[in-house]
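In the UniProt record's numbering, the protein residues as written are 1 to 256.
Working notes, beginning with the structure itself.
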C-alpha cells in the first residue's frame, strides 16, 4: 500500500510538470525564453516552467513586502529563473578554505594615519577605473602573463574591519572580495541595498567592490560578472557594516 501511495504521488508530480501553474504567464514565459535564449526538449519544458513560476511567485511576494518596508531591496527575474538550487550552486566556485590558504603569505595593508580621510560616498566607475560588466557565469579565468605584467603583488585588507576596508578602497582603488551568493536574494537580486540577515558569511563567489555610499543603509557598490541583465546593470549594492554575506572576510587589492 505504501509503494502504491508513493507511485500515485510521483504521478501527480510528473503531471504537474506537464501542466503549467498559470496560463496567464504564457506570454511572459515565452518572452523570457527568447530574451535568454532558452530552448528545452518537450519533456523538460514543464519542469523548467514550474521552477520559473515558483521563482516568479517568490519575486512577487518579496516585492510586495518590500513596498511596505519589510525588505531593503527588490528581486527580479533573470537568467537563473529556471535553475534548480543544485544547478545554480555549481556556478559558485570559490572555496572559502582554499581561498584562505591561497592568501597565506600575502601581507596586510600598512594602515596608518597618512591615508586621506575618505568621503561619505565614492564610486571608482566615475573615474574610469572599472571595466565594463562581462557575462562570465562560472569559474573565473585569467591569463597569468597579463596579470604578472601589470601586477607586482597583492595586499590584504584586515578582515572584518569595514572602516579600514572603506578607507583603503578610497585610497587604492577597487578591491577584490568574495561573498556568499547562494541565497535566493542574491541570485534574484534586482535593486536596492541587499540586507539579508540569514545570508551565510561562508563565501563562494568572487566579485569586485568599486565604491560605497549611503541611503537608508550604508552600502558597498559591487561589480558582478553575470552580465548587465542581472541586478543593477550588473551591479549590486550590499549593506555595509554587517559583514553582509561575508564581504569583509578577505578583501585583497593588487600592487601596481
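Backbone N, C-alpha and C fix where the C-beta goes; we use that ideal spot for every residue, glycine too.
Predicted, not measured: the structure shown is a model, and the values here were computed from it.
Leaving out five residues before and five after residue i in sequence, what residues of the same chain have Cβ atoms less than 6 Å from its Cβ?
i: residue 74; result: 63, 66, 190, 191 and 192
i: residue 117; result: none
i: residue 68; result: none
How many Å lie between residue i and residue j at the Cα?
i: residue 27; j: residue 243; result: 40 Å
i: residue 23; j: residue 49; result: 11 Å
i: residue 237; j: residue 42; result: 39 Å
i: residue 185; j: residue 76; result: 10 Å
i: residue 57; j: residue 212; result: 32 Å
i: residue 145; j: residue 72; result: Caution is warranted here: a pLDDT of 35 is assigned to residue 145, below 50, making its placement in the model unreliable, and the coordinate value is therefore given only provisionally. Looking at the two C-alpha atoms, the distance is approximately 42 Å.
i: residue 292; j: residue 205; result: Since the first residue of the chain shown is 1 and the last is 256, residue 292 is not available in this structure.
i: residue 239; j: residue 182; result: 16 Å
i: residue 241; j: residue 153; result: 28 Å
i: residue 46; j: residue 40; result: 9 Å
i: residue 230; j: residue 55; result: 15 Å
i: residue 61; j: residue 122; result: 33 Å
Does DSSP classify residue i as helix, strand or coil?
i: residue 254; result: strand
i: residue 154; result: strand
i: residue 88; result: helix
i: residue 62; result: helix
i: residue 211; result: strand
i: residue 218; result: strand
i: residue 187; result: helix
i: residue 242; result: coil
i: residue 170; result: helix
i: residue 43; result: helix
i: residue 248; result: coil
i: residue 195; result: coil
Any idea if residue i is buried or exposed, counting beta-carbon neighbours within 10 angstroms, 16 or more meaning buried?
i: residue 175; result: buried
i: residue 215; result: exposed
i: residue 223; result: buried
i: residue 162; result: buried
i: residue 168; result: buried
i: residue 34; result: exposed
i: residue 148; result: Low confidence applies to residue 148: its pLDDT is 44, below 50, so where it sits in the model is not reliable, and the reading given next is rough at best. Its Cβ having fewer than 16 others within 10 Å, residue 148 is exposed.
i: residue 131; result: exposed
i: residue 135; result: exposed
i: residue 247; result: buried
i: residue 196; result: buried
Residues in its own chain within less than 7 Å of residue i by CB, not counting five upstream and five downstream?
i: residue 235; result: 221, 222, 223 and 224
i: residue 29; result: 49 and 52
i: residue 227; result: 133, 135 and 234
i: residue 88; result: 80 and 187
i: residue 124; result: 130, 173, 174, 210 and 211
i: residue 258; result: Residue 258 cannot be examined here, being either before or after the span of the chain that is shown, 1 to 256.
i: residue 201; result: 180, 243, 245, 246 and 249
Please work out which residues of its chain come closer than 8 Å, Cβ to Cβ, to residue i, disregarding the five sequence neighbours upstream and downstream, and give them in chain order.
i: residue 120; result: 213 and 214
i: residue 32; result: 38, 52, 77 and 81
i: residue 25; result: 53 and 56
i: residue 98; result: none
Would you please state the rounded distance, in angstroms, between the beta carbons of residue i and residue j? I believe it to be under 8 Å.
i: residue 254; j: residue 165; result: Between residue 165 and residue 254 the Cβ distance is about 16 Å, and since that is not below 8 Å, they are no contact.
i: residue 203; j: residue 155; result: Actually they do not touch by this definition, with Cβ atoms about 19 Å apart.
i: residue 219; j: residue 173; result: Wrong, their Cβ atoms sit about 18 Å apart, outside the cutoff.
Residue i CB to nearest chain B CB: under 8 Å?
i: residue 80; result: Of the chains in the structure shown, none is chain B; there is only one protein chain.
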